[in-house]
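K.L.:
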Amino acid sequence: MTVAIKHGGNVADRRKQALAAVKRKRESGAGGKRHEHHDRLSIRKALQRDRAVEVSRTYFAIIAVVAVMVLLGLVMLLSASGPLRAVGDGSPYSMVIRQSIFAIVGLGLMAVVIRVRYQLFRRLVPLIWAVGLGLMALPFVPGWSHQVNDANSWVSVGGMTFQPSELFKLSVILGVADILTRRKDVLNDWRRTVVPIGAATGAAFVLSLIQGDFGSAVVLVLIVMAMSFIAGIPWMHIGTVVGVGGFIGAIMVFASPRRFGRITAFFDIEGNKEHYAYQVWQGMLSIANGGITGSGIGGSRSKLGYLPLAHSDFIFAIIADELGLIGVFTVLGGFTLLTILGMQTALRAPDRFGMLVAAGVTSWIAIQAIVNVGGVAGVLPVTGLTLPFFSHGGTSLLSCLVGIGLLLNISRRPVKSQAS
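What follows is the structure in structure tokens.
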């Protein structure tokens with residue numbers, strides 16, 4: 281018993297002596313620099329690993345592509361709108377100044393969206409949907425509604441106009457992404473997955489059609505189709521929803537003589553070039569006039585009153601006229617590259633919700649660009665959609681930049697995890 285106590289005491293004494301020696305060594309500085317250097321290296325490596333995870337090459341590539349398109353869009357908008365604005369209100373810069381203000385505000389919102397973790401938006405989906413539906417109801421409020429080109433889809437408040445359907449596209453993308461994330465294990469279940477998505481899509485589709493915004497209605501359906509396909513919903517279910525939407529859309533087309541005339545004129549553009557296909561015909565002439573190198577910035581004659589909405593829906597025709605085939609390849613190449621980068625972001629997203637949001641934003645911009653360019657070139661019916669980042673329209677530019685902010689947010693964290 282005495283031996284055990286003595287032995288235990290010796291062990292305790294040796295432990296205290298060893299700790300005291302280590303303490304004296306640290307206080308004297310011996311070995312301290314080595315440990316401090318090792319600690320600094322560990323922290324530096326950790327920060328480098330975190331930085332490598334959060335900022336990828338795709339992130340910077342998306343910023344570069346969007347920056348080029350926004351700047352080129354402002355230049356082409358000045359060229360397309362300057363002459364007529366100078367005759368109208370005396371300032372050729374009024375339209376591009378307004379667009380630049382929206383670009384600055386959009387870039388500010390984009391910076392905020394990048395810094396906020398995108399999972400927060402999933403928690404706010406009910407609120408975002410409520411705000412989106414509230415905005416879509418504003419065009420029906422007497423005194424606030426503003427009609428543009430037979431479409432009652434604009435709101436005028438205090439001399440400022442905006443288009444709620446552009447902002448509502450973000451609500452649809454976030455809402456559908458949330459549904460497809462929560463129902464990932466029951467994608468084949470008609471009632472639990474397809475019905476909620478169909479209801480959300482139907483609400484957006486019908487509201488857009490009632491406002492006369494046929495283009496936004498089509499784009500919203502195509503966005504949801506793309507997201508549903510990427511999520512893994514069977515084609516039979518997607519086709520059924522699209523079929524119902526197509527039937528409703530056909531009824532709305534036949535109910536409007538102007539809309540029906542524009543659709544039918546698409547099948548004989550030259551024969552209707554004096555009426556419903558006049559705008560498309562002038563757009564095609566502008567594209568043909570550009571040749572390979574174009575007439576030079578400011579050299580297009582179509583914008584001098586021959587081509588309606590040259591600064592908005594048909595700005596691609598002015599780009600082709602003034603920048604030629606080179607400008608066409610630059611613009612189309614920019615959208616193609618942005619689509620590839622967006623899909624890469626979706627494939628490398630940290631979770632399923634991020635993947636679907638990235639896919640939705642990318643599909644939105646790609647589909648809208650295809651529909652706009654196809655309408656200008658005469659290979660698709662004209663729907664009145666803007667060309668993202670290029671056409672005049674502050675709401676469109678603002679919503680696109682916020683969508684790009686979501687895409688960049690997801691691109692900063694490209695490590696795939698098992699989180700739902």
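The numbering used here applies: residue 281 is where the sequence shown begins, and numbers increase by one. C-beta atoms are modelled at their ideal positions from N, C-alpha and C, and glycine is treated no differently. Please read these numbers as outputs of a predicted model, since none were measured by experiment.
To the nearest angstrom, how far is the alpha carbon of residue 589 from that of residue 446?
P.N.:
Cα to Cα, the separation comes out at about 18 Å.
K.L.:
What are the start and end residues of each continuous beta strand (DSSP E) run of 3 or more residues lying completely inside the segment 437-500, in chain order?
P.N.:
440-442, all fully within the segment 437-500.
K.L.:
Going by DSSP in three states, residue 689 sits in which element: helix, strand or coil?
P.N.:
Three-state DSSP puts residue 689 in a helix.
K.L.:
If I measure Cβ to Cβ from residue 259 and keep anything under 7 Å in the same chain, skipping five residues before and after, which residues do I get?
P.N.:
In the structure displayed, the chain extends from 281 to 700; residue 259 sits before or after that span and is not available.
K.L.:
Just verifying my parser: in three-state terms, what is the DSSP assignment at residue 552?
P.N.:
Three-state result, residue 552: coil.
K.L.:
Would you say residue 534 and residue 540 are within 9 Å of each other, going by their C-beta atoms?
P.N.:
Taking 9 Å as the Cβ cut-off, residue 534 and residue 540 qualify as a contacting pair.
K.L.:
Confirm, please, whether the CB-CB distance from residue 495 to residue 682 is below 9 Å.
P.N.:
No.
K.L.:
By alpha-carbon positions, which one of 402, 404, 435 ends up nearest to residue 417?
P.N.:
Here the closest residue by C-alpha is 435.
K.L.:
Count the other C-beta atoms from every protein chain shown that fall within 10 angstroms of the C-beta of residue 519, then say buried if there are 16 or more, exposed otherwise.
P.N.:
The residue in question, residue 519, is exposed, as its Cβ has fewer than 16 Cβ neighbours within 10 Å.
K.L.:
Could you say which of 341, 450, 563 lies nearest to residue 581 if we only look at CA atoms?
P.N.:
Selected option, being the one with the closest Cα: 563.
K.L.:
Quick one: using the 10 Å Cβ neighbour count with 16 as the cut-off for buried, is residue 498 buried or exposed?
P.N.:
The residue is buried, with at least 16 neighbouring Cβ atoms inside 10 Å.
K.L.:
My output table needs one value for residue 611: the three-state DSSP class, helix, strand or coil.
P.N.:
The answer is helix: DSSP assigns residue 611 an H, G or I state.
K.L.:
Take residue 645 as the anchor and find which of 656, 679, 577 has the nearest alpha-carbon.
P.N.:
Residue 679 is the option with its Cα nearest to residue 645.
K.L.:
Does the segment 604-613 touch the segment 567-576, meaning 3 or more C-beta pairs lie closer than 8 Å?
P.N.:
Judged by Cβ distances under 8 Å, the segment 567-576 makes contact with the segment 604-613, as three or more pairs qualify.
K.L.:
Using beta-carbon positions only, say whether residue 486 and residue 452 come within less than 9 Å of one another.
P.N.:
In this structure, residue 452 does not lie closer than 9 Å to residue 486 by Cβ.
K.L.:
Is it the case that the Cβ atoms of residue 657 and residue 596 are separated by a distance below 9 Å?
P.N.:
Yes. Within cutoff.
K.L.:
Considering just the uninterrupted stretch of the alpha helix (DSSP H) at residue 517, what are its terminal residues?
P.N.:
Residue 517 -> alpha helix (DSSP H) spans 515-535.
K.L.:
For residue 500, tell me which candidate among 512, 483, 516 has the shortest Cα-Cα distance.
P.N.:
Considering only alpha carbons, the answer is 483.
K.L.:
With a 10 Å radius around its C-beta and 16 neighbouring C-beta atoms as the bar for buried, classify residue 469 as buried or exposed.
P.N.:
Exposed, since its Cβ has fewer than 16 Cβ neighbours within 10 Å.
K.L.:
So residue 560 is in the alpha helix (DSSP H); what residue range does that whole segment cover?
P.N.:
558-570 is the extent of the alpha helix (DSSP H) around residue 560.
K.L.:
Threshold first: 4 residues or longer. Then list the alpha helix (DSSP H) segments lying entirely within the segment 610-680, N to C.
P.N.:
Fully enclosed alpha helix (DSSP H) runs of 4 or longer: 632-657.
K.L.:
Can you give the Cα-Cα distance for residue 364 and residue 478, rounded to whole angstroms?
P.N.:
C-alpha separation (whole angstroms): 44 Å.
K.L.:
Ignore the nearest five residues each way along the sequence and tell me which others in residue 508's own chain have a CB closer than 6 Å to its CB.
P.N.:
Answer for residue 508: 518, listed in chain order.
K.L.:
Given a threshold of 16 other Cβ atoms within 10 Å of its Cβ, counted over all protein chains shown, does residue 586 qualify as buried or as exposed?
P.N.:
Flag for residue 586 reads exposed.
K.L.:
Comparing alpha-carbon positions, which option in 352, 336, 480 lies nearest residue 610?
P.N.:
Of the candidates 352, 336, 480, the one whose C-alpha sits nearest the C-alpha of residue 610 is 352.
K.L.:
Run the CB neighbour count on residue 643, radius 10 Å, all protein chains shown included, and call it buried at 16 or more, exposed below.
P.N.:
With 16 or more other Cβ atoms within 10 Å, it is buried.
K.L.:
Quick check on the DSSP output: the alpha helix (DSSP H) that includes residue 374 runs from which residue to which?
P.N.:
Residues 374-395.
K.L.:
Note down the Cα distance separating residue 620 from residue 423, rounded to an integer number of angstroms.
P.N.:
Going from the Cα of residue 620 to the Cα of residue 423 covers about 43 Å.
K.L.:
Over what stretch of residues does the alpha helix (DSSP H) that includes residue 401 continue unbroken?
P.N.:
399-403 is the span of the alpha helix (DSSP H), which, as asked, contains residue 401.
K.L.:
Excluding the 5 residues preceding and the 5 following residue 232 in the sequence, name in chain order all residues of the same chain whose CB lies nearer than 8 Å to its CB.
P.N.:
No information on residue 232 is available, as it lies outside the stretch 281 to 700 that the chain covers here.
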